[in-house]
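All remarks here apply to the structure that follows.
Number of protein chains: 2
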Amino acid sequence: MSHLVTSFDVASLAGVSQSAVSRSFTPGASISSQTREKVMQAANKLGYQPNAHARSLITGRSRIIGLVVSYLDNLFYPAVLEQLSKRLQLDGFHVLLFVNDHVNSDDMVREILQYKVDGIVLGATTLSSRLAKQCSDAQIPVVLFNRIMAKTHASMGSVRSDNRQGGYEIAKHFLNLKRKKIAYIAGRIDSSTNLDREQGFITGLAENGLQIFATATGNYSYEKATKATYALFNKKRDRPDAVFVASDQMALAVMDTLRHHLKLKVPQDVCVAGFDNVPQASWPAYQLTTYAQPISAMVEATVQLLQNQLLGSATLQDRNVLIPGHLIIRQSSDMRAQLQLHSPTITTCYNPTQH
Amino acid sequence: MSHLVTSFDVASLAGVSQSAVSRSFTPGASISSQTREKVMQAANKLGYQPNAHARSLITGRSRIIGLVVSYLDNLFYPAVLEQLSKRLQLDGFHVLLFVNDHVNSDDMVREILQYKVDGIVLGATTLSSRLAKQCSDAQIPVVLFNRIMAKTHASMGSVRSDNRQGGYEIAKHFLNLKRKKIAYIAGRIDSSTNLDREQGFITGLAENGLQIFATATGNYSYEKATKATYALFNKKRDRPDAVFVASDQMALAVMDTLRHHLKLKVPQDVCVAGFDNVPQASWPAYQLTTYAQPISAMVEATVQLLQNQLLGSATLQDRNVLIPGHLIIRQSSDMRAQLQLHSPTITTCYNPTQH
DNA sequence: TTGAAAGCGCTAACAG
DNA sequence: CTGTTAGCGCTTTCAA
Chain A
1 MSHLVTSFDV ASLAGVSQSA VSRSFTPGAS ISSQTREKVM QAANKLGYQP
51 NAHARSLITG RSRIIGLVVS YLDNLFYPAV LEQLSKRLQL DGFHVLLFVN
101 DHVNSDDMVR EILQYKVDGI VLGATTLSSR LAKQCSDAQI PVVLFNRIMA
151 KTHASMGSVR SDNRQGGYEI AKHFLNLKRK KIAYIAGRID SSTNLDREQG
201 FITGLAENGL QIFATATGNY SYEKATKATY ALFNKKRDRP DAVFVASDQM
251 ALAVMDTLRH HLKLKVPQDV CVAGFDNVPQ ASWPAYQLTT YAQPISAMVE
301 ATVQLLQNQL LGSATLQDRN VLIPGHLIIR QSSDMRAQLQ LHSPTITTCY
351 NPTQH
Chain B
1001 MSHLVTSFDV ASLAGVSQSA VSRSFTPGAS ISSQTREKVM QAANKLGYQP
1051 NAHARSLITG RSRIIGLVVS YLDNLFYPAV LEQLSKRLQL DGFHVLLFVN
1101 DHVNSDDMVR EILQYKVDGI VLGATTLSSR LAKQCSDAQI PVVLFNRIMA
1151 KTHASMGSVR SDNRQGGYEI AKHFLNLKRK KIAYIAGRID SSTNLDREQG
1201 FITGLAENGL QIFATATGNY SYEKATKATY ALFNKKRDRP DAVFVASDQM
1251 ALAVMDTLRH HLKLKVPQDV CVAGFDNVPQ ASWPAYQLTT YAQPISAMVE
1301 ATVQLLQNQL LGSATLQDRN VLIPGHLIIR QSSDMRAQLQ LHSPTITTCY
1351 NPTQH
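As they're listed, the protein sequences go chains A and B. So the first sequence is numbered by the working numbering: it starts at 1 and just counts up by one. So the second sequence is numbered by the working numbering: it starts at 1001 and just counts up by one.
Written out as structure tokens, the structure reads:
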């Protein structure tokens, strides 16, 4: 194993000091272009790249953001991951990934803390409040992505789409379609996203004197949603005529089960609506009505929040960001909706009379 | 901003030396349980966690693995990412994510090098040979995940499933079904996975005196695959009666287009087969015949390869691992196949068949 | 088993 | 603009 190339080596070869090398690699540092040129030539010759860890020791910044997720099969989160990582790279930050299996969570937090990350994004996971607090206590900015917590702590913010509004609009949409027996399939019942979506949905129905006709829990998983669908629809009487499913991932399972196992027609027998607007929702096999979460806006807000907190310039009001989404009506609820070619995150063509 | 807690602080509070603190946090270091106890108490009181960057400076190991991907919408890679990250965490490594947009690749490589990662996994990306070589030259173990390179360099290995065999078995499967006009929809035409799958497919057909009837390119994307399907099937005569699609992601697009836009029946009019066995392939809406890539075996091999190269104990023969996959026959090609409930990616046991 | 001391590779403060 | 110096937080000899 050959000696690792250091700034000392480069300095020697270039005939300058280590400081000159350091400055050459620091944008905006005061250094003459000739010196820099000499340094860069030597650096290239030796294949030198500054050591980010050594740098972080001095600067107190690692330029690493810890991202905690617990699963990536939900179709929505891979897109978030990709966009967040790309966006952070633009600012010279990088994502260190932590997959939370909910069993070694304590170890995981310990490891995050060891890497002295400049910030933490908690997405698609339910890290306990205790652990989230631990991170927050360590002076690290924490952003809850698409979830909120009962007790928010110092240096903790949240970004989410307007889940209540989404549930509300879908309720109104079903009512426009004259549906009366309207069911709800929940995600993780204790998650804030689920609660908000359900609350908005209930509110929308209540404004027209309706209540949720039946409920089941799908836990944000395809398999569980399949079972939930059986529970709600595998009978002749008192079958719902519309169902709002708390995520697209589950809604696809619902459509599959209704059509292929229970031989029901969507939307004629049952209207289905989901939440997220994952790419699959617009595929011809599904054409799923859904409330779109604007990923890039959410990512942007996340990055802003992290950077504000790094600079300590976030007021308390700014700490909880709510991004508006929008309803996309497709054929899983309304036959009149145009069959669309696959067009990710484009707004609806067909816009019915809203409530 | 409060002072960052260091081993010095802990040492002071515990009334021991910094070395003692260090040893307390080093498994297997020679330290008495009483001293350790004192240290741990002080550490807990102060919320101390050792600084991984400072440690890496001494040990020369960052315990970070760089993972380079260019997109995560291909359904197969999120699963890889999740499993790889989980597996590495088991050994105390972590994944630093780099999303390659193919425009700032040079900067990206520079950044990878700055983090002094202990290894690099190149998955779902086509980092140029030049850049891959640059990483390899920096003495960093590189594993090509699901791709190979014309010229392999020192400290570079590869892991892939048996793409040729997969193509071969799908050809044989179509021939069993008495199909004669057999088409191929390619992924990225310059990718090694695509070439291998195509080669195996051609070989299988050739053994029965057949050639590929028609070809189009889908570039591993849903949209391009849709267009490719039109190109091959949007006509009355000389329409293929079977099509092998180089990835499931594209195959789902093909099925959607055949059924919903071209009004053709799958499998009666056209048999479809894909590659990967993503979760969606087993969903009732598709029931896609496919060649399963055993993700966990591939991940395990990747980790082994990285660690072997870290220890410098890899012989040249071990450097290129080929993992066998297996054909899964579903209703997109054969009506007689049983309708399956969704069964997520089952993997074969790890069997390091080398060549 | 323990502590003192040296130094990993780098940047920042200070002179010049 | 440039070099010298100190030290970031840690591990690792080396003595004791």
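Idealized CB from N, CA, C, for every residue including glycine.
D256 of chain A at chain B interface by Cβ criterion, 9 Å: The count along the first sequence starts at 1 and reaches residue 256 of chain A at position 256. True, the Cβ-Cβ gap to chain B drops below 9 Å.
Beta bridge counterpart(s) of I1182 of chain B as assigned by DSSP: Within the second sequence, numbered from 1, the residue matching residue 1182 of chain B stands at position 182. Beta-bridge pairing links I1182 of chain B to B:A1242.
I1202 of chain B - DSSP class collapsed to helix/strand/coil: Here residue 1202 of chain B corresponds to residue number 202 of the second sequence, with the count starting at 1. Helix, per DSSP.
Extent of the continuous beta strand (DSSP E) run through V1080 of chain B: Counted from its first residue, the second sequence places residue 1080 of chain B at position 80. Run containing V1080 of chain B: none in the beta strand (DSSP E); it sits in the alpha helix (DSSP H), Y1077 to L1090.
Residues from the region 254-284 of chain A in contact with chain B, defined by Cβ distance under 9 Å: M255, D256, T257, R259, H260, H261, P279, Q280, W283 and P284
V1272 of chain B and R1239 of chain B closer than 9 Å at C-beta: The count along the second sequence starts at 1 and reaches residue 1272 of chain B at position 272. The count along the second sequence starts at 1 and reaches residue 1239 of chain B at position 239. Their beta carbons are not under 9 Å apart, which means V1272 of chain B does not touch R1239 of chain B by this criterion.
Distance, G1274 of chain B Cα to T125 of chain A Cα: Numbered from 1 along the first sequence, position 125 holds the residue referred to as residue 125 of chain A. Numbered from 1 along the second sequence, position 274 holds the residue referred to as residue 1274 of chain B. Cα to Cα, T125 of chain A sits roughly 32 Å from G1274 of chain B.
Cβ-Cβ separation, Q1309 of chain B to S1155 of chain B (assumed contact under 8 Å), whole Å: Sequence index remark: in the second sequence, residue 1155 of chain B carries index 155 (1-based). Sequence index remark: in the second sequence, residue 1309 of chain B carries index 309 (1-based). With 8 Å as the limit, S1155 of chain B and Q1309 of chain B qualify as a contact, their Cβ atoms being about 6 Å apart.
Cutoff 9 Å: A54 of chain A Cβ touching any chain B Cβ: Locating residue 54 of chain A in the first sequence gives position 54, counting from the first residue. So, interface residue.
Buried versus exposed, by CB contacts within 10 Å (16 or more), H362 of chain A: Residue 362 of chain A lies beyond the residue range present for chain A, which begins at 1 and ends at 355; the question has no answer from this structure.
Between the CA atoms of R1087 of chain B and T215 of chain A - distance to the nearest angstrom: Looking up residue 215 of chain A in the first sequence gives position 215. Looking up residue 1087 of chain B in the second sequence gives position 87. Looking at the two C-alpha atoms, the distance is approximately 37 Å.
Within-9 Å CB hit, E82 of chain A to chain B: If you number the first sequence from 1, residue 82 of chain A lands on position 82. Cβ-Cβ to chain B under 9 Å: yes for E82 of chain A.
Length-filtered (4 minimum) alpha helix (DSSP H) runs lying within the region 1266-1312 of chain B: 1295-1311
Beta strand (DSSP E) runs contained entirely in the region 1043-1070 of chain B, provided each spans 3 or more residues: 1064-1069
Rounded straight-line distance, which links the Cα of H1260 of chain B to that of P344 of chain A: For the purposes of this step, residue 344 of chain A is taken as the residue at position 344 of the first sequence. For the purposes of this step, residue 1260 of chain B is taken as the residue at position 260 of the second sequence. Because P344 of chain A carries a pLDDT of 41, less than 50, the predicted location of this residue cannot be relied on, and the following value inherits that uncertainty. Roughly 18 Å between the two C-alpha positions.
Assigned exposure category for D91 of chain A - 16 Cβ within 10 Å defines buried: For the purposes of this step, residue 91 of chain A is taken as the residue at position 91 of the first sequence. Exposed, by the Cβ-count rule.
Spatial neighbours of I1120 of chain B in its chain, beta-carbon cut-off 8 Å, leaving aside the 5 residues before and after: In the second sequence, the residue the question calls residue 1120 of chain B occupies position 120. So the qualifying residues of the chain are I1065, G1066, L1067, V1068, I1112, C1135, I1140, P1141, V1142 and V1143.
7 Å Cβ cut-off: residues of chain B touching S7 of chain A: In the first sequence, the residue the question calls residue 7 of chain A occupies position 7. Correct list: empty, because the minimum Cβ distance to chain B is about 12 Å.
Exposure label - S1019 of chain B; buried when at least 16 CB within 10 Å: One-based indexing of the second sequence puts residue 1019 of chain B at position 19. S1019 of chain B comes out exposed.
Min CB distance L1067 of chain B to chain A below 9 Å: The residue you call residue 1067 of chain B lines up with position 67 of the second sequence. Yes, its Cβ sits closer than 9 Å to a Cβ of chain A.
A186 of chain A and T226 of chain A closer than 9 Å at C-beta: Residue 186 of chain A sits at position 186 when you count from the first residue of the first sequence. Residue 226 of chain A sits at position 226 when you count from the first residue of the first sequence. Contact: no.
Rounded C-alpha distance that separates S7 of chain A from N1320 of chain B: On the first sequence, residue 7 of chain A is found 7 positions in, with the first residue counted as 1. On the second sequence, residue 1320 of chain B is found 320 positions in, with the first residue counted as 1. Their backbone Cα atoms lie some 35 Å apart in a straight line.
Boundaries of the alpha helix (DSSP H) in which N1176 of chain B is found, first to last residue: Here residue 1176 of chain B refers to the residue found at position 176 when the second sequence is read from its first residue. Here the alpha helix (DSSP H) through N1176 of chain B covers N1163 to N1176.
Cross-strand partners of R1160 of chain B (DSSP beta bridge): Reading the second sequence from its first residue, position 160 is the one you call residue 1160 of chain B. In the DSSP output, where bridge partners are listed per residue, R1160 of chain B has B:L1322.
With 16 other Cβ atoms within 10 Å as the buried cut-off, status of R1336 of chain B: Counting from 1 along the second sequence, the entry for residue 1336 of chain B is found at position 336. Exposed, because fewer than 16 other Cβ atoms sit within 10 Å of the Cβ of R1336 of chain B.
Cβ-Cβ distance between D1118 of chain B and L1306 of chain B below 9 Å: Position 118 of the second sequence, counted from the start, is the residue given in the question as residue 1118 of chain B. Position 306 of the second sequence, counted from the start, is the residue given in the question as residue 1306 of chain B. The answer is yes: Cβ separation under 9 Å.
Pair within 9 Å by beta-carbon distance, P279 of chain A and H326 of chain A: Start at 1 with the first residue of the first sequence, and residue 279 of chain A comes out as number 279. Start at 1 with the first residue of the first sequence, and residue 326 of chain A comes out as number 326. No, the pair does not count as a contact, with Cβ atoms beyond the cut-off.
Contacts around I182 of chain A, its chain only, beta-carbon distance under 6 Å, and the 5 residues preceding and following it disregarded: The count along the first sequence starts at 1 and reaches residue 182 of chain A at position 182. Once the five neighbours on either side are set aside, the close Cβ partners of I182 of chain A are F174, F213 and A242.
Proximity test, Cβ basis, 9 Å: L1072 of chain B and chain A: The residue given as residue 1072 of chain B occupies position 72 in the second sequence. Yes, L1072 of chain B lies at the interface with chain A (some Cβ there is under 9 Å from its Cβ).
Residue of A:I323, A:N277 and A:L13 minimising C-alpha distance to I329 of chain A: The count along the first sequence starts at 1 and reaches residue 329 of chain A at position 329. If we check each option's Cα against that of I329 of chain A, A:N277 comes out closest.
9 Å Cβ cutoff met for V1080 of chain B and V1299 of chain B: What you label residue 1080 of chain B is simply residue 80 of the second sequence in a count that begins at 1. What you label residue 1299 of chain B is simply residue 299 of the second sequence in a count that begins at 1. Yes, they are a contact pair.
CB contact flag (T1302 of chain B, F1145 of chain B, <9 Å): What you label residue 1302 of chain B is simply residue 302 of the second sequence in a count that begins at 1. What you label residue 1145 of chain B is simply residue 145 of the second sequence in a count that begins at 1. Yes, the Cβ-Cβ distance between T1302 of chain B and F1145 of chain B is below 9 Å.
Under 8 Å from the C-beta of S62 of chain A: neighbouring residues of chain B: Start at 1 with the first residue of the first sequence, and residue 62 of chain A comes out as number 62. Near S62 of chain A (Cβ distances below 8 Å), the residues of chain B are H1053.
Under the three-state DSSP convention, the category T26 of chain A falls into: The count along the first sequence starts at 1 and reaches residue 26 of chain A at position 26. Coil.
Beta-bridge pairing of A216 of chain A - partner residues as DSSP gives them: Taking the first residue of the first sequence as 1, we reach residue 216 of chain A at position 216. Partner(s): A:I185.
Short Cβ contact (9 Å threshold) for T1061 of chain B with Q49 of chain A: As a first step, residue 1061 of chain B is located in the second sequence; it is residue number 61 there, counting from the start. As a first step, residue 49 of chain A is located in the first sequence; it is residue number 49 there, counting from the start. It is Arg, not Thr, that sits at residue 1061 of chain B in the sequence shown. Result no, Cβ atoms of R1061 of chain B and Q49 of chain A do not sit closer than 9 Å.
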